[in-house]
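Right, one structure below, let's go through it.
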Amino acid sequence: MELDIKPLMPGMDFAVEIKNIDLSQSLDNVIFEEIRQAVFSYAVVVIRGQSINDEQQISFSERFGELEKSLVKIDGEIKFPQIYITTNVGKDDKILPRDHASAKYHRGNSLWHSDSSFKPIPANISILSGREVPPFGGETEFADVRYAYDSWPGSISGVEKCELDDLICEHSITFSRQLVVGDIFSEEDKKSIKPVRQALIRKHPETGRKALYVGSHCHFIEGWEYPRSRALIAELTSWMTRPEFVYAHKWRPLDLVMWDNRSVVHRGNPWPDEDYRRVMHRTTVAGDGPTV
């Protein structure tokens, strides 16, 4: 069976919808491999109407590789550590106040980023299930950093494309969260989330395409003066998130969206989060190794 694939960014091999797939059922190896290759080729894959539970999401996601684990506690117990829940709803099933620590933390997702770039081994693929979505707002925007690299305009801030390959950046989630909500991490937290080194350019092992690897977690470039470093990171971020490189996903209930963190950066748009619930369950396929 050949996948029914609909382009979401006509004229680009970026962002598609796959139709007539039911992820609550076990997929044969041929169909799964076609989906896997679609994620590599198009970087963002949308499959709508997926009424799946956490066990089914984990089972599907594990076919891509080992999953990252996060300590998600429900009623004092760790349940499904492979599931990362991003939500404005608390354990009491009520909408969280905006000054709640969890609400503050998740506001950091409004900045362009690549999942887990602040970890020594960054993520490969993210799989996000929209369990509850607001009637408007809350879109997820994806920027194709492969096209941004391919379309490099000669030089940015006096830097040529060939100069980027050898640059190393420090990534830090404590830095990125400070940009939005201030210092929200305890000293104990900071010991376990120390800054990491990442290559500024990544080459995809399956497609061979190069991509820019910067975002809000990217703090500075090693060996550069700090002001010049921050200026180039800002210029790169501005360039790679130009409208022609961006697909904005408008969520419907039970949408499932997969993306390749080696090929895109993303961010979440705001919504009236004191009025409408948003509950998203993410599984994250761990990376194969460090970028440096």
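Each residue of the sequence shown is one higher than the one before, starting from 5 at the first, in my numbering.
By construction, the Cβ of each residue, glycine as well, lies at the ideal position given by its N, Cα and C atoms.
The DSSP-derived three-state label of Ala107 is helix. Per DSSP, the beta-bridge partners of Thr288 are Ser130. Your pair Met244 and Val93 does not check out as a contact, with CB atoms roughly 32 Å apart and the cut at 8 Å. In the same chain as Ile160, and ignoring 5 residues on each side of it, the C-beta atoms closer than 8 Å to its own belong to Leu236, Glu239, Leu240, Trp243, in chain order. Per the coordinates, the alpha-carbon of Val43 lies some 23 Å from the alpha-carbon of Asn273.
Around the C-beta of Arg213, 16 or more other C-beta atoms lie within 10 Å, and the residue is accordingly described as buried. Within the stretch 162-244, the runs of alpha helix (DSSP H) at least 4 residues long that lie entirely inside it are, in chain order, 177-185, 191-196, 230-244. For Ala42, no beta strand (DSSP E) run applies; the uninterrupted alpha helix (DSSP H) run containing it begins and ends at 33-46, by DSSP. In the DSSP assignment, Asp154 falls within the alpha helix (DSSP H) that extends over 149-154. The Cβ atoms of Ala127 and Glu72 lie closer than 9 Å to each other. Residue pairing by DSSP places Pro11 opposite Val20 in a beta bridge. Distances from the CA of Arg271 to each of Ser114, Lys10, Asp264 were compared; the closest alpha carbon is that of Ser114. Of the residues assessed, Ser28 falls on the exposed side of the cut-off, its CB having fewer than 16 other CB atoms within 10 angstroms. Taking each of Val268, Ser155, Ser220, Tyr280 in turn and checking the Cα distance to Arg206, the smallest one comes out for Val268. In the DSSP secondary-structure assignment, Thr90 is bridged to Met284. Ranked by how close their Cα comes to the Cα of Ile172, the residues Glu38, Tyr46, Val137, Val200 have Val200 in first place. In terms of Cα proximity to Ile131, the closest of Thr144, Lys123, Arg281 is Thr144. About 3 Å separates the beta carbons of Trp275 and Gly141, which is inside the 8 Å limit, making them a contact pair. Rounded to the nearest angstrom, the Cβ distance from Glu136 to Pro257 is 7 Å, consistent with a contact under 8 Å.
Counting along the chain, Asp96 sits inside no alpha helix (DSSP H), nor does DSSP assign it H or E at all. Met262 is the residue among Asp277, His104, Met262 whose C-alpha sits nearest the C-alpha of Ser118.
Between Val48 and Tyr217 a beta carbon distance of about 17 Å is seen, past the 8 Å cut, so the two are scored as non-contacting. Remark: fewer than three beta-carbon pairs, one from each stretch, lie closer than 8 Å, so the stretch 181-193 and the stretch 276-290 are not flagged as touching. Taking the Cβ atoms as the reference, Glu70 lies roughly 24 Å from Val50, outside the contact range of under 8 Å. CA-to-CA, the gap between Cys166 and Ala203 works out to about 14 Å. In this structure, Glu37 is the residue among Asp17, Glu37, Ser30 with its C-alpha nearest to the C-alpha of Glu6.
In this chain, the alpha helix (DSSP H) harbouring Asp58 covers 58-65.
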